[in-house]
Amino acid sequence: MSLIVLLLLPFMGSCLAALLPHNARNTESLLAGLVALIGTVQVALLYPQIADGGIIREEYAWLPSLGLNFVLRLDGFAWLFSLLVLGIGTLVSLYARYYMSPQDPVPRFFAFFLAFMGAMLGLVISGNLIQIVFFWELTSLFSFLLIGYWHHRSDARRGAYMALMVTGAGGLCLLAGVMLLGHVVGSYDLDQVLAAGDKIRAHALYPVLLPLILLGALSKSAQFPFHFWLPHAMAAPTPVSAYLHSATMVKAGVFLLARLWPSLSGSEEWFWIVGGAGACTLVLGAYCAMFQNDLKGLLAYSTISHLGLITLLLGLNSPLAAVAAVFHILNHATFKASLFMAAGIIDHESGSRDIRKLNGLIKLMPYTATLAMVASASMAGVPLLNGFLSKEMFFAETVFINSSAWVEIALPVIATIAGTFSVAYALRFTVDVFFGKPATDLPHTPHEPPRWMRAPVELLVFTCLLVGIFPAQIIGPLLAAAARPVVGGTLPEYSLAIWHGLNAPMIMSLIAMSCGIVLYLLLRKPLVRGRFAYPPGVGRFNGKRLFERCLVALTRQARSLERHLSTKRLQSQLFLLVLAAVIAGLIPMLYSSLTWGDRPKIPGSIVFVTFWLLAIACALGAAWQAKYHRLAALTMVSVCGLMTCVTFVWFSAPDLALTQLVVEVVTTVLILLGLRWLPRRIEDVSPLPSSVPKARIRRLRDLSLSVAVGLGMALLSYAMLTRPTPNDISSFYLSRALPEGGGTNVVNVTLVDFRSFDTLGEITVLVAVALTVFALLRRFRPPKESMQLPAQQRLLAPDVVTDLVNPRQASDTALGFMMVPAVLVRLLLPIALVVSFYLFMRGHNLPGGGFVAGLVMSVAFILQYMVAGTQWVEAQMSLRPLRWMGTGLLFAVATGLGALAWGYPFLTTHTLHLDLPLFGDIHIASALFFDIGVYAVVVGATLLILTALAHQSVRAHKPASQSKSLIKSGAA
């Protein structure tokens, strides 16, 4: 299995999971488990290829001209993380089968779960910096959906929102830092970045790019001062917490720190920022964990503390510390996932997570209690468990650090204090929950969970024991393979022996354990009595409160600016918008000379000048009549558009002329439908004498701005048109359109081949705009004053007239005066379909193409609406514009992916020549399928927008429930 298949597997599973029925909990968990298990096995089979420093690399051309290719890269470190992502994902899938309630929307849960797994896997095996940022943001998005899965709960919504805000802001900083890093290196390829460490650290931009990248990494891993979001993410279901906070999301930050360790570490800035944040987080998280009364809250703060430990190790600029960090990443994933699952079992079987209510569970849940106590002991660093080994390596690094005197003293003290706190909160998790008299006031009588719900915990706890007793034999080779890429290829000397003698790290461990037991005994009674609502000394520095206050302050400032700078009057808004555009265009003109060129002028023609004089007259007339007669103004504006079409024809641009002509038709219909709902102009109201001068000043101001805009655009256009243009661009397309694009229509070949990526973005934006218009109009109700006008005064499309004159007969408007037009447009529909097909098929070599063909087809459908009526058309034809748009996007993307599948850059066009009987030689370009996507999107988006406007005529006379069903049926 290649890496690309490995990456796509979770996303395909996510799509399949979303399609399964609501009650298919077993099928959903089986699907997710099989996807993760297959991936785990495949990753494990790749170990021989990366064991001795090997790298598996797959590269797919994407934007080679910009140095951006889709690169998948698997070395030892990425292999370890992939194993954690998929392996623990397998166990969580099994666990979730029993944890999730049958009443929960399980398809949505597993769809989000698998999508997040794919995003995290993509982040781990990406070999390109921009690609890493892309998957980084995907993990933030899908974690937001998972944390807010129970969206009916306010704490889940707040926790998801907070996580998205913090990690999303950090992601933007990361993007800026990565852009600078790629600029410094000269490439975004990860291999080149990892090999350019000396160049990066010596560059003048290093002090700028480093904090930006670290902001992204530290916020993702909930490091101080961004630690506050992680405890509030505990509102997610426990399987989500076990997965996100043990092996995936919060580990993404430390993964990035370790991934870029060869390039960015080794400087004073790295030491103080990374090491300082890690040290603060280590102590603060452990301290707060002791005072938590919620099991998941305790584990959340302990996760923050252990992430701080890993961050501190990575910040010490020591290869041996980096090895210890990689080791603790693995150990923390095993014991923390098992602890979260154990906490979920306790909550699932007893109905409570409150430590003050849970006592004596060892008598009621002996197996679960034993597993939880072993995992908790590993978290506390008890010997013969895996947590002890990485903790000893951490203690050793703090003791033998070579730095300033106060740092050499402070770090061992900080490490010992954090170890003391970890023992104390581990004892709270075990002694207070499992020992003592059995609890009697719980919602449910506790009992052991189903056998297979406990199996993932058993496997993880067994791993903790196995690694702790036989570290060199079990984990030694895997740790060496994973740590070698982090330290730059050469591993330092280290030992994974259980006993190293009575040295300083062992003494620190003994002190931490002893002091932790004493601290627990001192705090036990006050905590049981509920004396501490917040950890003493940090309650007033509540991160959540500070975050919410910042949001409130920003909101108030934004509203204040809105009150002072904005207005509800459309005319004033347009004036400010146009004025800002004029200033933006004027500033560069002031600093650069605007001169005419010496390009030879094209001789004019009396016919051409007459056309443009007519267009100018119509433009002036439209501006004047817009105040009095909207239909006349719209007609004259349409004449201006028609003159633009004539101009394109005059300058030998028939493709543009054809497109402009059809766009004019669609736009005119759109404005007709929109003008219907504007309020009627009131002519009989006499203005106040004091308002007359103000109105004149305002009109003079608007006229001056309009003249300035017109003259400015005319001057800029004349300056550009009179200058000689370089022939490089035009000659490039002219010479390559036929041999490389397979077509003689250079405009169409450019759109669907050379600039197809731009076209894909444009049709995606078109879909987004159509959906936005549709969503806004779904809740729109026509104003009453527009419905009370006499029928002869209404400026309506014929469709609206028909529906309003007699709404009862709107379902069959072929009756009466609309019978002849209705018959004609029905006959016109197949003709328009043939014309549309003709324009589409000829577009690659002659004027036409998917865009103009789609507009022609849209006009044919719109005519049916205008003449036959909305209800009649939707009763006779099932247009479904949403499906048109979705199918079009799928066609466009599939065309690009097809090129990738054959090893070419995304959306590369290929031409197939077929020699068919009777037809002869026929060439079919793959761009044809991309053009099909453009065609479908244009038809769907145009229909969705225009029919949504037309629906207002019918909805104005319908109850709300019928109106909603009507527009849903039209857009389905």
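Using mature numbering (1 follows the signal peptide of the UniProt record, and there is no 0), the letters of the sequence shown correspond one by one to residues -17 to -1, 1 to 955. The beta-carbon is built from N, C-alpha and C at its ideal position, and this holds for glycine as well. The model shown is predicted, which means the values in this text are computed figures rather than measured ones.
| Query | Result |
| --- | --- |
| For valine 565 and valine 690, the rounded distance between their alpha carbons | 11 Å |
| Valine 9: first and last residue of the uninterrupted alpha helix (DSSP H) it sits in | Rather than valine, the amino acid found at residue 9 in this sequence is asparagine. It spans 8 to 28 - the alpha helix (DSSP H) in which asparagine 9 sits, taken as one unbroken run. |
| Where glutamine 556 falls, given that 16 or more other Cβ within 10 Å makes a residue buried | exposed |
| Uninterrupted alpha helix (DSSP H) stretches inside the stretch 51 to 135 (no shorter than 4 residues) | 59 to 82, 89 to 108, 112 to 130 |
| Closest by C-alpha distance to valine 592, when choosing among Thr627, Pro583, Ala466 | Thr627 |
| Tyrosine 82 burial status per 10 Å Cβ neighbour count (16 or more: buried) | buried |
| Cut-off 7 Å between Cβ atoms - residues of its own chain near leucine 347, not counting five sequence neighbours on either side | Pro421, Pro429, His430 |
| Separation of glycine 459 from cysteine -3, as counted between CA atoms | 38 Å |
| One or two residues paired with aspartate 337 in a DSSP bridge | Asp277 |
| C-alpha gap between histidine 893 and phenylalanine 117, whole angstroms | 29 Å |
| Meets three-Cβ-pair contact criterion under 8 Å: the stretch 348 to 356 and the stretch 437 to 450 | yes |
| Identified DSSP bridge partners for alanine 908 | Thr894 |
| Range covered by the beta strand (DSSP E) that runs through alanine 44 | 39 to 46 |
| Residue range of the unbroken alpha helix (DSSP H) whose run includes glutamine 643 | 637 to 658 |
| Residues near leucine 778 by beta carbon distance below 7 Å, same chain, minus five either side | Per-residue confidence for leucine 778 stands at a pLDDT of 40, beneath the threshold of 50, marking its modelled position as unreliable; the derived number appears in the next sentence. The answer, listed in chain order, is Arg613, Leu614, Leu658, Arg659. |
| Among Leu932, Thr930, Thr891, the one whose alpha carbon lies nearest that of tyrosine 43 | Thr891 |
| Alpha carbon of leucine 603 to alpha carbon of arginine 866, nearest angstrom | 42 Å |
| Same chain, Cβ closer than 8 Å to glutamine 775, neighbours up to 5 away in sequence not counted | In this prediction, glutamine 775 has a pLDDT of 42, which is less than 50 and means its spatial position is unreliable; what the coordinates show is noted afterwards. Result list for glutamine 775: empty, nothing under 8 Å. |
| Check whether valine 257 and leucine 240 have beta carbons under 8 Å apart | yes |
| 6 Å Cβ shell around proline 830 - same chain, five flanking residues per side excluded | Pro637, Asp638, Leu641 |
| Start-end ranges of the alpha helix (DSSP H) lying completely within the stretch 531 to 580, minimum 4 residues | 553 to 573 |
| Test item: CB-CB of leucine 862 and phenylalanine 874 under 8 Å | no |
| First and last residue of the uninterrupted alpha helix (DSSP H) at phenylalanine 453 | Looking at the DSSP string, phenylalanine 453 is not in any alpha helix (DSSP H), and its letter there is neither H nor E. |
| Beta-carbon spacing of valine 168, leucine 188 below 8 Å | no |
| Stretch pair the stretch 722 to 734 + the stretch 814 to 831: three plus CB contacts closer than 8 Å | yes |
| Aspartate 330 - DSSP class collapsed to helix/strand/coil | helix |
| Contact the stretch 914 to 932 vs the stretch 840 to 857: 3+ CB pairs below 8 Å | yes |
| Alpha carbon of lysine 319 to alpha carbon of alanine 225, nearest angstrom | 7 Å |
| Unbroken stretches of the beta strand (DSSP E), 3 residues or longer, contained in the stretch 804 to 834 | none |
| Spatially closest choice to threonine 294 from Trp253, Met273, Glu41, by CA coordinates | Trp253 |
| Rounded distance between the beta-carbons of valine 920 and leucine 688, thought under 8 Å | Leucine 688 to valine 920, Cβ: 36 Å. No contact. |
| As assigned by DSSP and simplified to three states, the class of aspartate 35 | coil |
| Test item: CB-CB of tyrosine 503 and arginine 437 under 8 Å | no |
| The stretch 195 to 211 in contact with the stretch 151 to 164 per 3-pair CB rule at 8 Å | yes |
| Where aspartate 736 falls: helix, strand or coil (DSSP) | helix |
| Cβ contact check for the stretch 213 to 230 and the stretch 294 to 309: 3 or more pairs under 8 Å | no |
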